[in-house]
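Student: What follows is a single structure, and I will ask about it in a moment.
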Amino acid sequence: MSTVTEPAENADSTVVELLKDSSETKQASSPSSQARPAGATQKRVRWDYMIVFGAVHAAALLIFVPYFFSWPGVIAFCISIVLFGILGIPIAFHRMLAHKSFKSPKWFERTLVTLAMCTAQETPARWVAWHRKHHSHSDEVEDPHSPRVSFLWSHLDWLLHENTSSMSTFTLYHKYAKDILDDPYYRWLEKLPQAAGIIFFVHSLVYLSLAAIGSVIAFGLTAEAVQMTASIFVWGVIARTVYVWHITWAVNSVTHLIGYRTYETTDDSKNCWQVALLTFGEGWHNNHHADPAAASVQHRWWEVDLNYYIIKTFALFGLAYDIIPPRHVRKARSLAKSK
Numbered sequence: 001m002s003t004v005t006e007p008a009e010n011a012d013s014t015v016v017e018l019l020k021d022s023s024e025t026k027q028a029s030s031p032s033s034q035a036r037p038a039g040a041t042q043k044r045v046r047w048d049y050m051i052v053f054g055a056v057h058a059a060a061l062l063i064f065v066p067y068f069f070s071w072p073g074v075i076a077f078c079i080s081i082v083l084f085g086i087l088g089i090p091i092a093f094h095r096m097l098a099h100k101s102f103k104s105p106k107w108f109e110r111t112l113v114t115l116a117m118c119t120a121q122e123t124p125a126r127w128v129a130w131h132r133k134h135h136s137h138s139d140e141v142e143d144p145h146s147p148r149v150s151f152l153w154s155h156l157d158w159l160l161h162e163n164t165s166s167m168s169t170f171t172l173y174h175k176y177a178k179d180i181l182d183d184p185y186y187r188w189l190e191k192l193p194q195a196a197g198i199i200f201f202v203h204s205l206v207y208l209s210l211a212a213i214g215s216v217i218a219f220g221l222t223a224e225a226v227q228m229t230a231s232i233f234v235w236g237v238i239a240r241t242v243y244v245w246h247i248t249w250a251v252n253s254v255t256h257l258i259g260y261r262t263y264e265t266t267d268d269s270k271n272c273w274q275v276a277l278l279t280f281g282e283g284w285h286n287n288h289h290a291d292p293a294a295a296s297v298q299h300r301w302w303e304v305d306l307n308y309y310i311i312k313t314f315a316l317f318g319l320a321y322d323i324i325p326p327r328h329v330r331k332a333r334s335l336a337k338s339k
C-alpha cells in the first residue's frame, strides 16, 4: 500500500474547506501592522482548570526535593515525554486528527489518542475543534489563543477563562469537529463526564502501580523501594505532565512571537528552533501554517522534523499510510503526472 497521497484523496472535505484559506500562502501586509484581536474579553474564570493546573504545578516542584531525585526517575521522565507527549499530542491529536495528514489502522489510532488523553489536554474532539478554529482565524479576533492579546493569554490564560470569542460546545463541535465525533470511541469520550480527568487519573494509578512493582522487585519491601516509587511517579507523571503542557502551549505562544518567517502567511506564525527542538519539530510553525495539510514541516534540511520520521517509521510497519507530503512535493508529482 502506498504511504503517500494527495490531500484531495485523503483529507476530509470539511477539514479542507475549514483550512483552505490558511493552507494557501498569501502575500499580506506585515502581520505586526494588523489590529490586535479584541475577542478575548474575559467573562468568567474557569476555577476547575485553575485549581487543577495550580495543584499539578505545585506538585511538580517536588523534583527539587532531593528525596524525589533518582536517575530511574529522570529516565522515566524522558521516556514518558516521548510516549505520551510526542506520540500523543503532535502526532495523534495534531497531525493525524486535526489535519488528517496521515491515517492509521483504527486500533492504532485510538491507542495513540488514548496516550494523548494521558497528558490531561482535553478530549480529542475539543482539542481538534479549538485547533481548527485557530487555523481558520489565526491571529484574528476569533483566534482562541493569539499572542496579540498577550503572551500569557496565548500560553495559558485562554484556558483559564471563558471569553467573548468562545462559542457553545455544540456549535464548536458541529463546525470544527463533526468528523471526529463520527467515531464511536471519540463520541463516547464526549459523553463520559470528565473523560480527560478520569483517563489521566487511571493512567496515573497504572503508572504508580508499575513503578511500585518494579521498585519492590529491585529493592524488596524496603524504604528504598518506597523512595524509588515516589521518585519515578513524581518525575514520570507529574513533572512530565507539566513539561508537556508547556511545550504544547509554547507552540501557541512562542512560535507566534519569536523566530523567522519563510512564508508571508496572513498570521504571525514563525519558525522557532528552540520550540522545534523541545517538540520534535512542532516549532517550525510558519512552515506548518503555510502548508497545514502536510505531515512534514521540514522545508529545509536543517529544519529537522522528528515527528515526521516517527510517522514514516510507523509506515514501515503498516501503522501509517496515506501520508500527505509537503506542497512542493505534491506540485512536483502533479506536474510529472500531467506530462
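Take the sequence shown: its letters are residues 1 to 339, numbered as in full-length UniProt numbering.
Beta carbons: idealized from backbone N, C-alpha and C, even for Gly.
Small disclaimer: the values here were computed from a predicted structure and weren't measured.
1) Counting only the same chain and skipping the five closest in sequence on each side, list residues whose C-beta sits under 8 Å from that of R251.
2) For W301, which of W273, F84, W71, E190 has the nearest alpha-carbon?
3) Nearest CA to the CA of A125: which residue from D182, Y207, P66?
4) Tell me which same chain residues have a C-beta within less than 6 Å of the C-beta of F314, skipping the five on either side of it?
5) To the nearest angstrom, report how far apart I180 and I311 are at their CA atoms.
6) The alpha helix (DSSP H) that contains W47, what's its start and end?
7) Suppose you measure from the CA of Q194 to the CA of D48; what does that come to, to the nearest Å?
8) Note down the Cα distance separating residue 382 from T114, rounded to an integer number of angstroms.
9) Roughly how many angstroms separate the alpha carbons of V234 and V244, rounded to a whole number?
10) Identify the continuous alpha helix (DSSP H) that holds E142 and give its terminal residues.
11) Between G236 and I79, is the Cβ-Cβ spacing less than 9 Å?
12) For T266 and G259, what's the separation of their Cα atoms in angstroms?
13) Comparing alpha-carbon positions, which option in K270, A59, R44, H299 lies nearest H161?
14) Near A294, which residues of its chain fall below 7 Å by C-beta distance, leaving aside the five closest residues on each side in sequence?
15) Taking the alpha-carbon positions, what's the F84 to A60 distance?
16) Buried or exposed for S231, please, with buried defined as at least 16 other CB atoms from any protein chain shown within 10 angstroms of its CB.
17) Straight-line CA distance for S338 to E142?
18) Would you call the region 49-59 in contact with the region 147-162, where contact means no fewer than 3 C-beta pairs closer than 8 Å?
19) Helix, strand or coil for W302 per DSSP?
20) For R44, list the residues DSSP reports as bridge partners.
21) From the DSSP secondary-structure annotation, give me the bridge partner or partners of N271.
22) Are W127 and L97 close, meaning C-beta to C-beta below 9 Å?
23) The alpha helix (DSSP H) spanning P72 covers which residue range?
24) Considering Cα atoms alone, identify which of E140, P144, V65, H203 is closest to A120.
25) Measure the CB-CB distance between S334 and M228 and report whether it falls below 9 Å.
26) What number of angstroms, rounded off, separates the C-alpha of E140 from the C-alpha of L210?
27) Per DSSP, what are the beta-bridge partners of K103 in this structure?
28) Please name the residue in R110, A177, S154 whose C-alpha comes closest to that of D268.
29) Given H134, which residues of its chain have a CB within under 7 Å of its CB, disregarding the five upstream and five downstream residues?
30) Hey, could you find the ends of the alpha helix (DSSP H) M228 is sitting in?
31) Look at E190 and Y173 and say whether their C-beta atoms are less than 9 Å apart.
32) Going straight from the alpha carbon of S150 to that of F53, what length do you get?
Tutor: This is what the structure holds:
1) Residue identity check: residue 251 is Val in the sequence provided, not Arg. Correct list, in chain order: V275, T279, E282, G283, H285.
2) Checking every option, the nearest Cα to that of W301 belongs to W273.
3) A check of alpha carbon separations from A125 across D182, Y207, P66 identifies D182 as the nearest.
4) Cβ within range, chain order: A320.
5) For I180 and I311, the distance between alpha carbons rounds to 20 Å.
6) W47 -> alpha helix (DSSP H) spans 47-60.
7) Near 11 Å, if we compare the C-alpha coordinates of D48 and Q194.
8) Absent from the structure is residue 382, since the part of the chain shown begins at 1 and ends at 339.
9) Each residue's Cα considered, the two are about 14 Å apart.
10) Looking at the DSSP string, E142 is not in any alpha helix (DSSP H), and its letter there is neither H nor E.
11) Judged by beta-carbon spacing, I79 lies within the 9 Å limit of G236, meaning their Cβ atoms are closer than that value.
12) If I take the Cα positions, the gap works out to 16 Å.
13) Nearest in C-alpha terms to H161, of all of K270, A59, R44, H299, is R44.
14) Counting only Cβ-Cβ distances below 7 Å, and skipping sequence neighbours, we find S101, I324, P325, P326, R327.
15) Rounded to whole angstroms, the gap between the alpha carbons of F84 and A60 is 17 Å.
16) Buried: at least 16 other Cβ atoms inside 10 Å.
17) So the alpha carbons of these two residues sit roughly 40 Å apart.
18) Because the criterion of three Cβ pairs below 8 Å is met, the region 49-59 and the region 147-162 touch.
19) In this structure, W302 counts as coil in the three-state DSSP scheme.
20) For R44, DSSP records a beta bridge to E162.
21) BP columns for N271 point to Y260, W284.
22) With a cutoff of 9 Å on beta-carbon distance, W127 and L97 are scored as near each other.
23) It spans 71-80 - the alpha helix (DSSP H) in which P72 sits, taken as one unbroken run.
24) Per the Cα distances, H203.
25) Pairing S334 with M228 gives a Cβ-Cβ distance that is not under 9 Å.
26) Each residue's Cα considered, the two are about 46 Å apart.
27) In DSSP, K103 forms a bridge with Y321.
28) Across the set R110, A177, S154, the C-alpha of S154 shows the shortest separation from the C-alpha of D268.
29) For H134, where only same-chain residues beyond five positions count, the Cβ hits under 7 Å are D143, P144, H145.
30) 223-233 is the span of the alpha helix (DSSP H), which, as asked, contains M228.
31) Yes, Cβ-Cβ distance for E190 and Y173 is below 9 Å.
32) The alpha-carbon separation between S150 and F53 amounts to approximately 19 Å.
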